[in-house]
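First up is the structure itself, then whatever we jot down about it.
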Amino acid sequence: MERAFLFNGIGSKPEKLLVKLPPELMDKYEVYLDQTFTRLGLNKDIEKNKAYDGRVAEWVISLICDRVVYEYYIEKGIIPDIGAGYSSGIVSISGCFGAVSHDFAHDIIMMNRSTMRCLEEHDVKLDMGVVIGFSYDDASKVLEGHFSPDELIIGCGNSKFHVTLSGYADAVEKALELCQEEGAIKVFSLGIGVAYHHPIMKNYSQEYVDLCGQDVYSDPLYPILSIFDYRIMTTGADIMKENQLNVYSPIRWDIALTKMEELGCREFFDVSANGAVSKFSRLKRKCKIYTLEDIYS
Amino acid sequence: MREITPEIREEIKDMIFDYYAEECEVDKDEITMETNPQNDLGSDSLMFVELIEMTADKYDMDIKLQAIGKYMLKSPMDTMKDVVDMFCKIYQYGNDIVDQ
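So, in C-alpha cells, the structure goes:
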C-alpha cells in the first residue's frame, strides 16, 4: 500500500473551501449543491437556514467539496490503495469510497441536528477546544489531575503538535487556559455546543447512531483504516460500526497516520478543497501530503 | 548560549521571510519587518510551529515548544521583527528563551 487518501469532513467554513476550488471544479460543485440542497430542503443562502439547519448546511458543503476533489483525483488517475477519515471525514470517505450513497452520507450529517436539539433540550453545555503546540502526551500530562474523564478528555490526538479537547464547556475553557499557561502556542474553543468524540455524546446521539446502523452499507471500493482501532476495514459492516463509533469515541489520528506509514504508505492525498487535513497532519511526517493545490497546479 | 553574529541574524531573517513568502503565497519583497504575519499575510499558528521545527532541524537544536509558548505569553509576535527577534533568541538560548 503506497497511496492513502485522507478525508477531513467538516470543520472548514464554506467560503474558505470554495475559494480554493478551481473554476472547472466549481461547475461540478454547483451541480451537486443544487441536487443535494434541493433534496434536503436546505437554502443555498446559508444564513437563511433556520436554527441548526445553517450549521449542518455548512457541513454538507464540506462533504460536497470533498466529493468534487475526490472525483478530480480519480479522473486524474490518482487511485488510492487505502483511505482514512478524520472525524466526520469518516462519513465523507464512506460516501466517496462507495460504502454508502452520497445521499445517505448527507443524511448522516443532517442527523447532527437531532443531536444538537437533544443537547439543547437537556440544557447540556458542551464544547471542543484546539491546542496547538502540544502532543497527546504533553496535553495528558498538563491536564492530569485537573479533570475527570467525565468532564473532559482529549477527543482527538491529531499530530505531535495538535490536539482537540472535548467535554463540558466550562471544563474545556479551563483546560484551554491551563494549556496556554503551560506553553501552548495557541488555544481556542470551537464554540459549537457539542463534544464530538467524548463518550457523553452517546447519551444525546441515539438517532444519529440508529441512522448510521441502517442496513445500507456496501463493501468500500478501497480499504479504509479505522481511526479507532487501526484495523484495515474492507466490509460494509466495518464501515457501519466506524460511523456509529465516530460521534462518541476518541480519535488518535496521529496513530492512524503512523499505522499507514507502517503499512507502506508513502504518498498521502488530502481530499479537501483547502488542504485542511495536511495542515494538522503534516508536521514531522516523512511522507509528502499532496493537496488539491499541488495536483491542480 | 550561542553567539549570534550579524550574518546569522541575516540568515535567520532570510529563512523566515522565504518561509512566509512561500507558505502565504506572497512576494518576498512585499514582506517588511513591520508586516503583521497573521493580519497581513494570513499566516496561522501551525505555520509558526512548522517554522520552529524547520529552525530546529537547520541548526540541529532540540527545541521544546512549551518553552516558546511560555516566552510568547510575555512577548507576542505582532510583527515580523518580533518573529525574527524571537528566532534569534531561540538560536542563542534554546529552551532557556523562557527566562529571557
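Protein sequence lines, in the order shown, are assigned to chains F and X.
Here the first sequence is numbered in my numbering, starting from 97 and rising by one per residue.
Here the second sequence is numbered in my numbering, starting from 1462 and rising by one per residue.
A virtual CB, placed ideally from N, CA and C, is assigned to each residue, including glycine.
With 16 or more other Cβ atoms from the protein chains shown falling within 10 Å of its own Cβ, F:ASN208 counts as buried.
Residues of the segment 278 to 291 of chain F with a C-beta less than 7 Å from any C-beta of chain X: GLU278, GLY279, ALA280, ILE281 and LYS282, listed in chain order. Sequence-ordered contacts of the segment 1465 to 1496 of chain X with chain F are nonexistent [C-beta pairs closer than 9 Å]. At the C-beta level, F:VAL259 and F:ILE249 stay beyond 7 Å of one another. Residues of the same chain with a CB within less than 6 Å of the CB of F:LYS282, apart from the 5 flanking positions on each side, are ILE228 in chain order.
Put simply, of F:ASP130, F:ARG135, F:ILE157 and F:ILE178 the residue whose alpha carbon is nearest the alpha carbon of F:VAL115 is F:ILE157. For F:PHE257, the neighbours in chain X by C-beta distance under 7 Å run, in chain order, VAL1510 and LEU1526.
Beta-carbon to beta-carbon, X:LYS1531 and F:GLY279 are separated by about 4 Å, close enough to satisfy the 8 Å threshold. Three or more beta-carbon pairs drawn from the segment 338 to 346 of chain F and the segment 169 to 187 of chain F are found closer than 8 Å, and the two stretches are therefore classed as touching.
In the displayed model, F:ASP223 falls within a strand according to three-state DSSP. Just so you know, the alpha carbons of F:SER301 and F:ARG151 end up roughly 17 Å apart. By the CB criterion at 7 Å, F:SER108 and F:ALA291 fall outside the cutoff. Here F:VAL165 carries a helix assignment [DSSP, helix/strand/coil]. Of the other Cβ atoms in all chains shown, 16 or more fall within 10 Å of the Cβ of F:ALA180; this residue is therefore buried. Taking all protein chains in view, the Cβ of F:VAL127 is surrounded by fewer than 16 other Cβ atoms within 10 Å, so the residue is classified as exposed. The Cβ of X:SER1536 sits no closer than 7 Å to any Cβ of chain F. For the 7 Å CB-CB criterion, F:LEU113 and F:TYR125 do not form a contact. In the same chain as X:ASP1523, and ignoring 5 residues on each side of it, the C-beta atoms closer than 8 Å to its own belong to ALA1517, GLY1555 and ASN1556, in chain order. Distance from the CA of F:CYS308 to the CA of F:MET336, rounded to the nearest whole angstrom, comes to 6 Å.
Here F:ASN104 carries a coil assignment [DSSP, helix/strand/coil]. Note that the segment 135 to 154 of chain F does not touch the segment 217 to 225 of chain F; fewer than 3 beta-carbon pairs, one per stretch, sit closer than 8 Å. In this structure X:VAL1545 is in contact with X:ILE1473, their Cβ atoms being roughly 6 Å apart against a cut-off of 8 Å.
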